[in-house]
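Novice: If you read the protein sequences in the order shown, they are chains A, B and C. Position one of the first sequence corresponds to residue 1 (full-length UniProt numbering), numbered consecutively onward. Position one of the second sequence corresponds to residue 1 (full-length UniProt numbering), numbered consecutively onward. Position one of the third sequence corresponds to residue 1 (full-length UniProt numbering), numbered consecutively onward. All residues carry an ideal CB built from backbone N, CA and C; glycine is no exception. These numbers were taken from a predicted model, which means no experiment stands behind them.
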Amino acid sequence: MTEPLLSIDEIVTEFRVEGGVVRAVNGVSLDVRPGETVGVVGESGSGKSVTMMSALGLLPGHGRVVAGHARFRGRDLVGLAERELERIRGREIGLVFQDPMTAFNPVMTVGEQIAEGLRRHQAGLSRRAAGARVVELLAEVGIPAPERRARQYPHEFSGGMRQRAMIAMAMANRPALIIADEPTTALDVTIQAQILDLLGRVQQETEAALIMITHDLGVIAEMTERVVVMYAGRVVETADVDTVFHEARHPYTRGLLRSLPRLDHRVAELPAIGGQPPNPQALPPGCSYRPRCPLNQGRDECLTRPELNPAGRGHRSACHFHAELAGLTGGVE
Amino acid sequence: MVAYVVRRLLVSAVVLVGISMLLFTLLQLMPGDPVEMMIDPMSFSGDRAAAIARRREQLGLDASLPIQYVRWAGEFLQGNLGFSYSTSRPVAEVMVERLGPTVRLMGTALVIGLLAGIPVGILAALRRNTLVDYGAAALSLVAISVPSFFVALLGIYVFGLKLDWLPTGGMNSVGGGGLVDSLRHLVLPAGILGLALAGPYVRYARAAMLEVLGQDFLTTARSKGLSRRRVVGRHALHNALIPLVTVVAIQIPVLFAGAVVVEQVFAWPGMGRLALEAVLARDYPILLGFVMAIAVLVLLCNLLADVAYAVIDPRIRL
Amino acid sequence: MTTLDTVPADAGSVSPGRLALRRFRRHRLAVAGAIMLVLLTVGAIVLPFVVGADPNAVDPSAIRRGPADGHPLGTDSAGRDVLARLLAGGRVSLLVGLSAALIATSIGLVLGAVAGYFGRSVDGALSRLADVVLSFPALIIIIVVVAFVGPSLPTLILSIGLFGWPTPYRIVRGMTLSLREQDSILAVGGLGAGAVRIIRKHVVPVVIAPLTVVATLGVAQAILLEAALSFLGLGVPPPTASWGNMLNEAQSLTILESMPWLWLPPGIAIAVTVMAVNFVGDGLRDAADPRAVR
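1. Taking all protein chains shown into account, do 16 or more other C-beta atoms lie within 10 angstroms of the C-beta of Ser159 of chain C, making it buried, or fewer, making it exposed?
2. In the DSSP assignment, the alpha helix (DSSP H) including Ala136 of chain B goes from what residue to what residue?
3. When burial is assigned at 16 or more other CB atoms within 10 Å of the CB, is Val277 of chain C buried or exposed?
4. In or out: Asn302 of chain B buried (at least 16 other Cβ within 10 Å) or exposed?
5. Measuring only the C-alpha atoms, how far is Ile156 of chain B from Asp164 of chain B?
6. Could you name the residues of the same chain whose beta carbon sits closer than 6 angstroms to that of Ser317 of chain A, not counting the 5 residues immediately before and after it, in chain order?
7. According to DSSP, is Phe266 of chain B part of a helix, a strand, or is it coil?
8. Can you tell me whether Asn239 of chain B is buried or exposed? The criterion is at least 16 other CB atoms within 10 Å of its CB, across all chains shown.
9. Any idea which residues DSSP pairs Pro48 of chain C with across the strands?
10. For chain B, check one thing: does any of its Cβ atoms lie closer than 8 angstroms to the Cβ of Val267 of chain A?
11. If you follow the alpha helix (DSSP H) that Ser223 of chain B is in, where does it begin and where does it stop?
12. Nearest to Leu23 of chain B by alpha carbon, out of B:Ala3, B:Trp72, B:Met209?
13. Quick check on His121 of chain A: buried or exposed, where buried means 16 or more other Cβ atoms within 10 Å of its Cβ?
14. Taking beta-carbon pairs under 9 angstroms, can you tell me which members of the stretch 15–45 of chain A lie near chain B?
15. Can you check whether the CB of Arg222 of chain B is closer than 8 angstroms to the CB of Gly58 of chain A?
16. Helix or strand or just coil, what does DSSP make of Phe256 of chain B?
17. If distances are taken between C-alpha atoms only, which option among A:Ala165, A:Pro278, A:Phe104 comes closest to Ser44 of chain A?
18. Mind listing the chain B neighbours of Phe97 of chain A? Cutoff is C-beta to C-beta under 7 angstroms, in chain order.
19. Does the CB of Asp306 of chain B have a neighbour CB from chain A at under 8 angstroms?
20. Three or more C-beta pairs closer than 8 angstroms, one from the stretch 83–99 of chain C and one from the stretch 239–254 of chain C: is that the case here?
21. When burial is assigned at 16 or more other CB atoms within 10 Å of the CB, is Ala172 of chain A buried or exposed?
22. List, in chain order, every chain A residue whose beta-carbon is nearer than 9 angstroms to that of Leu226 of chain B.
23. Return no unless some Cβ of chain B is closer than 8 angstroms to the Cβ of Thr214 of chain A.
24. Quick one, which of B:Ile294, B:Val70, B:Pro314 has its alpha-carbon nearest Val144 of chain C's?
25. Nearest to Ser158 of chain A by alpha carbon, out of A:Val107, A:Asp216, A:Ile191?
26. So Ala116 of chain B and Ala198 of chain B are in contact, right, with Cβ under 8 angstroms, and what is the actual spacing, rounded?
27. Pick from B:Val279, B:Ser148, B:Tyr4: whose alpha carbon is nearest that of Gln151 of chain C?
28. Apart from the five residues just before and just after Ile252 of chain B, which ones in its own chain have a Cβ nearer than 6 angstroms to its Cβ?
29. Quick test of the definition: if touching needs 3 or more C-beta pairs under 8 angstroms, does the stretch 122–134 of chain A touch the stretch 73–85 of chain A?
30. Buried or exposed for Glu82 of chain A, going by 16 or more other Cβ atoms inside 10 Å?
31. DSSP beta-bridge partners for Asp69 of chain A?
32. Buried or exposed, going by whether 16 or more other CB atoms sit within 10 Å of the CB of Glu84 of chain A?
33. Mind listing which residues of the stretch 53–72 of chain A have their C-beta closer than 9 angstroms to chain B's C-betas, in chain order?
34. Where does Ser152 of chain C fall in DSSP's three states?
35. Please decide whether Ala249 of chain B counts as near chain A, where near means a Cβ-Cβ distance under 8 angstroms.
36. By Cβ distance below 6 angstroms, which residues in the same chain neighbour Gly289 of chain B in space, the five residues on each side in sequence not counted?
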């Protein structure tokens, strides 16, 4: 097996809030190997994005990584000096954000914003050469009339075009890893498929690894090889994509799968997971999923926190009763 | 853009006519007869009533109110704002004479206020909830709360009288003096007015910067590996300046209020003092001209704010 | 980027009012300001009886005397007791500040509710007017008004109040508009039918908190305006004492240089009072909305 490109190891991240701290990420580990596509899936608030931002040192001011490591090519990014991190961000790791409307600076042209990342990491690149490269990049991501578009402001772009430009920005310096944080959530359904295609194509052409953060299992099925399922700041299941879809061993993953639309269901009948995602400031003791879990049934084991235990080849699940799910297909009632 | 500006100017003209009619009517309805005051009963010998009537006719004050207004407006458009009751000099001439000193004082104060207030406000936002932030908040609150005339009195007392470093008033020493002399006269009034302005500017700048600092595109900028200096100096600052430019431009006329007080304390021969003199002498033509000047300034600054907004924010097209 | 829904740790167990009170109390400067104001108010009302001196009693034998027995803060150019005048002036300042802010807030509340309730052209016209009033320097307009009608206490209060309405207006208007959008009550009420009742029942409870903040800051503004006008001799007319007109005399360099007891106390009094009011206003703002930026 090849060495992982990025190895996140037991990251714990906390946020200061009025009246205390919230632990948003609680001991998350995951590996990404070169060229691989990993999906990170979970409800909003499960800590998917925060995990990635923790690794990159991009947490907002009230957030802090309190434990764990994030080794990129063997170097631990946690605790690395800001100047060193700056050298990695944008050059070796590119980011695509969820909402292309707010992710661009409204008062700078799209071209300037892409060129700025190029010039930051390529010493001696002239303004003119950077401009030419921007036009090439915009053309590569399928933006028509790239010369003209480069001189326009973000508000003159449609949502889909903005996200294409965002991808151009992320891939500008040919990074070894692209992290896409809900890249299609803010887009129209028709545009979503185009953007996913583009991301897949870019990844193939640049041979970058891709971390796909999403709450949409459809995106996972289409794009990824391995899947990490997160719930309430922890990893609850991890496996290759086929295993997740056919032999999921965590009731939460099963719940997510059941809420996935299928051809033989009408949309109105889609079952959702009952109950609310837990308040991160008041997690239930023991298994965080317990209050919503159909396997709980008042069993004592659920009052202790389950470890992420092997459940098959390359398959781990954080459920005391994952064995009960073996062989069962579909959801659990 | 041009069409927008033209349209706004037309609207402004209508507003000005409205304001002038209102003021003109009010001024004429006021008790206290300026003509009575012009002809001093102590020193005047002869038929005083006849003299007053003659003077009134000379000044056109015997006609009906609408006719007086139309006459006044016609003259106004030709740059003739009437004649001062107290000195009989043309109002326009007197105002132009007083405009220079006021612009010098207010311009310097504005620059001081911006240079002192904006960086402090931005720094406070960047160091939110630290000692720097609290210190800046306390200082700006003091600047907002302590009346500028009291600060001016303190300034004269300390620097003018006790230490004898700076002149206590006026724009120049008697008999002239060079650039240094002018600057020495400017330090106290412009400095005090400037620091009073800096108080609110700190607050505006801090609020504008905080608004921007929470936004997603700064994370994007950092994700490209840009240095903190560039993220703040280029991305955040440009966006924070947009609301700041607007609020500063709109409030330029409010500077005049500060100028009235400070000019009075420092015997600065500007518009503010002129207005006060006119109030005390019931010199209505001067007052009318002064208020019209302020009204023009208000409308122009509103327009300026809109145009500036469109220039620095590419999302706005006029 | 997905961010957490941050829920205050003690949400649910504490009412919003209690929470606001707690935040206000944590604001030490605001508490200090509030205490200061209480002391000032009590002082201005009660102390005159303790001091006993008549603020308007002229004593030709004791003109411009420095602080001494019988006159702790000395006497002014007419031989009047400075301390007595200072206390009397405090009452005038507080009276002007409170009543002008009350007038401004009331006008702002009514016009804002009207603009928000009727919307369209009514809103357009009122908002435009508010913009213009806001960018006019109030002091100058009031000076002109005073030139018309002459200085008096009611003129002063009324004209300061008339210039203060745009800020409360904007708040009430904004909240009424959003109420109208989210709430069917205002729409169902129909034009005219019970408009006053609807505004009283639905608008006032919502706007009361931010309005209190604005009104408090308005008191500070009004006190400053009164002081400036009286200082210029266009505010509270003598012989009534006011902090502003006590400072008026200090425009003479002789008095400024050699009789600081005449001008330092009223100047400090204005500064301290306005600061205390502003501290309280800031504290109230943070208590009403902890996320609002100053």
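Specialist: Inspection of the coordinates gives the following:
1. Taking every protein chain shown into account, the CB of Ser159 of chain C has 16 or more other CB atoms within 10 angstroms, so this residue is buried.
2. Element bounds for Ala136 of chain B: 131–145.
3. Around the Cβ of Val277 of chain C, a 10 Å sphere holds 16 or more other Cβ atoms; the residue is buried.
4. Classification for Asn302 of chain B: buried.
5. Roughly 9 angstroms separates the two Cα atoms.
6. The beta carbon of Ser317 of chain A sits closer than 6 angstroms to the beta carbons of Glu237, Arg249, His250, Ala311 from its chain, once the five residues preceding and following it are set aside; these are given in chain order.
7. Note: Phe266 of chain B maps to coil in three-state DSSP.
8. Looking at its Cβ environment, which holds 16 or more other Cβ atoms inside 10 Å, Asn239 of chain B is buried.
9. BP columns for Pro48 of chain C are empty, so no partner.
10. In this prediction, Val267 of chain A scores a pLDDT of 48, lower than 50, which makes its location untrustworthy; no coordinate-derived value is stated.
11. Counting along the chain, the alpha helix (DSSP H) containing Ser223 of chain B begins and ends at 216–223.
12. For Leu23 of chain B, the closest of B:Ala3, B:Trp72, B:Met209 by C-alpha to C-alpha distance is B:Trp72.
13. With 16 or more other Cβ atoms within 10 Å, it is buried.
14. Listed by position along the chain: nothing, the set is empty.
15. A quick correction: the sequence has Leu, not Gly, at residue 58 of chain A. The answer is yes: Cβ separation under 8 angstroms.
16. Phe256 of chain B: helix per DSSP, three-state reduction.
17. Residue A:Pro278 is the option with its Cα nearest to Ser44 of chain A.
18. Simply Asp216, Thr220.
19. Not an interface residue.
20. They touch, by the three-pair rule.
21. So Ala172 of chain A ends up on the buried side.
22. At a beta-carbon threshold of 9 angstroms, the residues of chain A lying near Leu226 of chain B are Glu86, Arg89, Gly90, Glu116, Gly117, Arg120, ordered along the chain.
23. With 8 angstroms as the cut-off, Thr214 of chain A does not count as an interface residue toward chain B.
24. Taking the Cα of Val144 of chain C as reference, the smallest distance to any Cα among B:Ile294, B:Val70, B:Pro314 is reached at B:Ile294.
25. Nearest option by C-alpha distance: A:Ile191.
26. That belief holds up - the Cβ atoms of Ala116 of chain B and Ala198 of chain B are roughly 4 angstroms apart, short of 8 angstroms.
27. As written in the sequence, residue 151 of chain C is Pro, which differs from the Gln given in the question. Taking only the C-alpha atoms, the option nearest Pro151 of chain C is B:Val279.
28. Excluding sequence neighbours, Ile252 of chain B sits near Cys301.
29. Counting Cβ pairs under 8 angstroms, fewer than three are found: no touch.
30. Per the 10 Å Cβ criterion, exposed.
31. The question names Asp, but residue 69 of chain A in the sequence shown is His. BP columns for His69 of chain A point to A:Asp9.
32. Exposed is the label assigned to Glu84 of chain A, since fewer than 16 other Cβ atoms lie within 10 Å of its Cβ.
33. For the stretch 53–72 of chain A, which is checked against every Cβ of chain B, the residues closer than 9 angstroms are Met53, Leu56, Gly57, Leu58, Pro60, Gly61.
34. Under the three-state reduction of DSSP output, Ser152 of chain C falls in the coil class, being neither helix nor strand.
35. Between Ala249 of chain B and chain A, the shortest Cβ-Cβ separation is not below 8 angstroms.
36. For Gly289 of chain B, where only same-chain residues beyond five positions count, the Cβ hits under 6 angstroms are Leu81, Val91, Met95.
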